[in-house]
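Chemist: I am attaching a structure below and will ask some questions about it afterwards.
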Amino acid sequence: MLYQEFNEFWDVARKRNIIFFYTGYFSQHVVSAISETIKARLDTAGAAGPTRRRIFSSFIEMSQNVMHYSSDSLTPNAQLDQQMRRGSFCIGTRGDSFFLLCANPVSTENVAQIRSRLEPLHTMTMEEIRLAYKKALREEAPSDSKGAGLGFLTLARDASEPLEFEFAQDPQEPGSTIFCIKAII
Numbered sequence: 002m003l004y005q006e007f008n009e010f011w012d013v014a015r016k017r018n019i020i021f022f023y024t025g026y027f028s029q030h031v032v033s034a035i036s037e038t039i040k041a042r043l044d045t046a047g048a049a050g051p052t053r054r055r056i057f058s059s060f061i062e063m064s065q066n067v068m069h070y071s072s073d074s075l076t077p078n079a080q081l082d083q084q085m086r087r088g089s090f091c092i093g094t095r096g097d098s099f100f101l102l103c104a105n106p107v108s109t110e111n112v113a114q115i116r117s118r119l120e121p122l123h124t125m126t127m128e129e130i131r132l133a134y135k136k137a138l139r140e141e142a143p144s145d146s147k148g149a150g151l152g153f154l155t156l157a158r159d160a161s162e163p164l165e166f167e168f169a170q171d172p173q174e175p176g177s178t179i180f181c182i183k184a185i186i
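What follows is the structure, encoded as structure tokens:
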């Protein structure tokens, strides 16, 4: 019975061309270990150097978002380092492209703010995204950012298509929303 359950999961992952999947708590140690695994998987998948760099850069941004903004934390919010927060991440292939999908719970109160940062990226050209990225590098980080405020711009810059995102009510945690973002590279 156990093998059958595992095999069902493996079949779904294989049918969807998933080459890496993780769900659980993200920390610097976990991200470091995942990074090594992703590098090895991309080598065996035959990803070209520039594609590997963009995938790896996007993975780092997505994992940083989980570690900084997931509302499910094993560490106190006031703790600025050694964060451990819950999320999920996967990489898969579709044709000649790779997709990265990341999800984590966020406070429902933060949904409008996240949406306001992502929606403008849908109408921007790649050149406008690059210029916005360079401008953001010169400016001070937004007061509500735990990083440099470059995360979504970095994802949009590395992606070959507009970022997709969605917010869904967390069925297990009232008052919490699941934020999901997808990048095609």
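Heads up: take any position in the sequence shown, counting from 1, add 1, and you land on the working numbering. We put the CB at the ideal spot given by N, CA and C, even for glycine. Keep in mind that this is a model prediction, so the values were computed, not measured.
1) Could you round the C-beta distance between L43 and I61 to whole angstroms and report it? I think they count as a contact, below 8 Å.
2) Check whether the Cβ atoms of F166 and L119 lie closer than 8 Å to each other.
3) For S45 and L138, what's the separation of their Cα atoms in angstroms?
4) Ordered along the chain, which non-local residues of its own chain (more than five positions away) have a Cβ less than 6 Å from that of S177?
5) My output table needs one value for L122: the three-state DSSP class, helix, strand or coil.
6) According to DSSP, is A34 part of a helix, a strand, or is it coil?
7) To the nearest angstrom, report how far apart E52 and A157 are at their CA atoms.
8) Roughly how many angstroms separate the alpha carbons of H30 and M85, rounded to a whole number?
9) Quick one, are the C-beta atoms of T94 and I20 less than 8 Å apart?
10) Could you name each continuous alpha helix (DSSP H) segment of 4 residues or more that falls completely within the region 75–131, going from the start of the chain to the end?
Modeler: In brief:
1) About 14 Å separates the two Cβ atoms, so there is no contact after all.
2) yes
3) The amino acid occupying residue 45 in the given sequence is Thr; Ser does not appear at that position. Going from the Cα of T45 to the Cα of L138 covers about 34 Å.
4) S72, P106, D171
5) helix
6) helix
7) A quick correction: the sequence has Thr, not Glu, at residue 52. Using only the alpha carbons, I get a separation of about 14 Å.
8) 10 Å
9) yes
10) 112–124
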